[in-house]
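Worksheet: one structure, shown below.
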Amino acid sequence: MAFRRPPRIGAGEERAMNEQAEPRRDDDVALETVPREEQLFRMRHSAAHVLAEAVLDLFPEAKYAIGPPIEHGFYYDFDLPRTLTPNDLEGIEARMRESVAADHPIHGEWIPKARARELFRDQPYKLELIDEIEEPTVGHFQHGGFHDLCRGGHTQRTGQVGSFKLTHVAGAYWRGDERRPMLQRIYGALFRTEPELAAYLKAREQAERRDHRRLGRELGLFHLDPISPGSPFFHPRGALLYNELVDYVRGLYPKYGYQEVITPQLFNTDIFRTSGHYDLFPDMYKMGGEEDEEIGIKPMNCPGHCWLYRAALHSYRDLPIRYAEFTRLHRNERSGVLHGLTRVRSFSQDDAHIYCTPEQMPEEIERVFAMVREIYGDLGLGEVDVKVATRGEHFIGNPEDWDVAERTLQDEVRRAGWDYALAPGEAAFYAPKVEFHFRDALGRSWQLGTLQIDMAMPDRFGLEYIGADGEPHRPVMMHRAILGSLERFLGVYVEHTEGRFPLWLAPVQAVVIPIADRHNDYAWHVARELRGRGLRVEVDDSNERMGNKIRRAQLQRLPYMLVVGDREAEAEAVSVRDRSGDDLGAMPLFQIADRLVDERDSRTSQAPGSAGDV
RNA sequence: GCCGGUGUAGCUCAGUGGUAGAGCAGCUGUUUCGUAAACAGCAGGCCGAGGGUUCGAAUCCCCCCGCCGGCUCCA
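The numbering used here applies: residue -3 is where the first sequence begins, and numbers increase by one.
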C-alpha cells in the first residue's frame, strides 16, 4: 500500500489548468530542454489548439470554449451547429494532420484586454473568459490562420505535437455548470511517439477485460438488472465474498473498540429534516405514511445513530462511544450517474459513528487511521490518493467549529505521514472530511474510505454528555467508513485483483479435478476432507476431459486445482496446480489441507502470476 | 438530470424493408482421458417496451426504459 498525492492533471480536470494562475512567458524555449512531463503537457496543449483549428475550419460558425491538456491527452469544448457523430472525428483528425504536416510556427504574445475583446468579438465564450481575467493583458497564441486566448505552454511548432488519436466525443457543460449550455467535448489521446500511443490504446482495450461489470458476470458474482437499476443482485459466490469482507471488518471491531448496532430502514422523515439531509437531498426514497407523517428509507446511518445516542444519558466516562453498522442504505441517485457496482442506489457500508469529547479527537482520529492502514494493508490495495475536503458554500454549524475540525484533520493526516491534496469546498455539508481514493481499471478515481469530523450534527440533535463538572457538554461526532460502500469497494477490488482473490476471500478456494469418472469417488473424498477443515471446495465431476476442467477453473480464477487420478487415489494424495499455472506436484492430502488452511488464515495472497491467463 | 452512442438466444456478435442466424455456454448421448477447449445430436428468441408508416418492420419514424462513454451531482 502506498499513499500518494493525486496527479495534478487528471481526466477532465481543467480546474488544474486554471490554477496555474501565472501567465507563462517561456514558450520560445526548445521542447527538448524542458522536463519530459512538461514536454507532454506542451504537446497535448498544442494538439488541443490544432484540434480547435481543424474544427473551426470545418465548422466556420463554431464557437470554441476551452481546451486543456489532460492526463492521457487533451480535449476541446465547442458549441457547434449540429451534433458530431463518431464519423466526424475522422474528418477532423485528417484536418489536424494537415496542420501538423504544415508545421506552422506557434507564436504567443501578451495583448491588452481591449484588443483581445476586439479579436474575439464573435466568440462569446472567449469574451466571458477575458472578462474574468484580472490582469490588464491576456495571452494570445496563434499558428497558421488560427488564434486562441491562451495562457501558454506550447511547443514551438505544430509539427512537434507527437502522436495522437481522437477517441470520443461527449457532452460537457460550459464552465462545468449544469445551468449553462451543453457543449460538445472532443477527446484525444496523445503521446510522444506512435508506439507509446499504441501501447496506451492497447492497455485501455485490455482494461475492459478487467471491468468489474464483465468479471462480475463471468465469475458468477453479481449482476445488474433493469428491474431495479443500480441495485445489484449478488449471486452465491458474490454474496460469499461480500460476507467475508463484512466478517473481516467485524472481526476487527473488538480490537478497535466498536460496538455494532442495528437501526431501522424506515424513518419518519423528520429525522432527516433535523439532520439537514432532507433539504439538501429532497429526492430521497419516500413512502406513504399516516396522516401528516412522511416515511423515508434511510440513505445514511448518522441520524439513526444520533437518535440511538440520545436514547440514554451519557457520562464523559462512557466516551468515546463507537457505533458500527452494516445495514443497507438506499439513495435515489440520478440515472446518469449509475455505474456498475461503483455507483449504486442500494448498498451498505462498513459505517461507524464515534462520539467523543473534543479532547479525545486527535487520539480517535489516529485510531481510525491505524485501522485504515491495517485494512488496506491486509487487502493489498495499491496506490491510495488522500484528499482533505474543506468547507464549501452550503454548510451547517458555525465557521469557528469548522476551522477547528479542518485544522485537526489536516494535522492528523500530516502526522500519519500521508501526502494529501486539498479539495477546497468539497466537504460534506456538515463536516470536513479525509477521503481515501482508489482507481479502477480505466483510471477513474473512486472514494472508498472517509473520515469526517462533525461538530454540527450533535448540535442539531441536541446530543450531550455529562462532564466531570456535572454539567452537560456537546460531544464531537466522527463519521467514518474504511471500505466505504461495500459494493463500490468490491467493484474496485475486482478490477484491482482482476478477479484473482486471495484465498481467504475466494468464493471457491479449490476445485478437485478427477481425471476419469472412476476417480470421482476419491475426488469427493478429498473434497469432504478439505471441507471438514472449513475450506470451500468443489468437485468438477462433469463429463469433460481434464484439460477442459482445468481451463474452466482457470477462467474462474480458482486459486487451486487438485488433480486426482490413479496415482493420487492410491497414495491418498493430490496433484496441485495453482492459478498462476504452476504445477506444484503431488502432495499428501493432509499436507495440502494444512497449506490451504495456513494460507487462508494468514490472509496472504498468491503471487499474482498469470501465465496464459485470459 | 444533461449530451452522444447503443439494445437481436444465458454470453459475444452477424443480419438495413420480404420465412431470425453463428460461436461459446446449456441439455442428451458417445468417449474415460494426466495439467487451458473430445465428438455427435438437441433445444434455446413478443429482435428492450409501447405507438406509427407499409401489402409486409429486427430493419424506417415517434416516444419511453435500460446499458455504455462523458458532464453535472455524490449525504
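Don't be surprised by glycine CBs; every beta carbon is placed ideally from N, CA and C. Please read all numbers here as calculations on a predicted model, not as lab measurements.
- Between the beta-carbon of residue 271 and that of residue 453 there is about 6 angstroms, and that keeps the pair under the 8 angstroms contact cut.
- A residue is called buried when at least 16 other Cβ atoms come within 10 angstroms of its Cβ; residue 39 meets this threshold and is buried.
- The C-alpha of residue 192 lies about 30 angstroms from the C-alpha of residue 443.
- When rounded, the separation of the alpha-carbon atoms in residue 184 and residue 112 is 28 angstroms.
- Under the Cβ criterion (8 angstroms, minimum of three pairs), the region 315 to 323 counts as touching the region 293 to 306.
- In the DSSP assignment, residue 352 is bridged to 472.
- Note on geometry: alpha-carbon atoms of residue 433 and residue 381 lie some 5 angstroms from one another.
- Inter-residue distance for residue 129 and residue 284 is about 52 angstroms (C-alpha atoms, whole angstroms).
- Judged by beta-carbon spacing, residue 533 lies within the 8 angstroms limit of residue 508, meaning their Cβ atoms are closer than that value.
- Pairwise C-beta distances place the region 458 to 471 in contact with the region 301 to 314, as three or more of them are shorter than 8 angstroms.
- The residues 537 and 539, in chain order, have a CB closer than 8 angstroms to that of residue 513 in the same chain once the five nearest residues on each side in sequence are set aside.
- Bounds of the beta strand (DSSP E) holding residue 135 are 133 to 139.
- Residue 74 carries a strand assignment under DSSP once its states are collapsed to helix, strand and coil.
- Boundaries of the beta strand (DSSP E) around residue 108: 103 to 108.
- In terms of Cα proximity to residue 267, the closest of 150, 289 and 104 is 289.
- Contact check for residue 47 against residue 72 passes: the beta carbons are separated by less than 8 angstroms.
- Between residue 61 and residue 121, the gap from beta carbon to beta carbon is short of 8 angstroms.
- Rounded to whole angstroms, residue 550 and residue 575 show a C-alpha spacing of 6 angstroms.
- Counted as a single uninterrupted DSSP element, the beta strand (DSSP E) harbouring residue 264 occupies residues 262 to 264.
- Counted as a single uninterrupted DSSP element, the stretch harbouring residue 493 is not any beta strand (DSSP E) but the alpha helix (DSSP H) occupying residues 482 to 493.
- The criterion of a C-beta distance shorter than 8 angstroms is not satisfied by residue 428 and residue 505.
- For residue 144, the uninterrupted beta strand (DSSP E) run begins and ends at 142 to 145, by DSSP.
- Going by DSSP, residue 375 is part of no beta strand (DSSP E) at all; its letter is neither H nor E.
- Between residue 547 and residue 557, the alpha-carbon positions lie close to 10 angstroms from each other.
- Nearest C-alpha to residue 242 among 573, 481, 522 and 496: 481.
- Ranked by how close their Cα comes to the Cα of residue 287, the residues 232, 236, 205 and 264 have 264 in first place.
- Minimum Cα-Cα distance from residue 370 among the listed residues 553, 338 and 445 corresponds to 445.
- With respect to residue 179, residue 75 sits close: the two C-beta atoms are nearer than 8 angstroms.
- With a 10 Å radius around the Cβ and a threshold of 16 neighbouring Cβ atoms, residue 198 comes out exposed.
- Sequence-distant Cβ neighbours of residue 523 in its own chain, meaning closer than 8 angstroms and more than five residues away, are 508, 533, 534 and 535.
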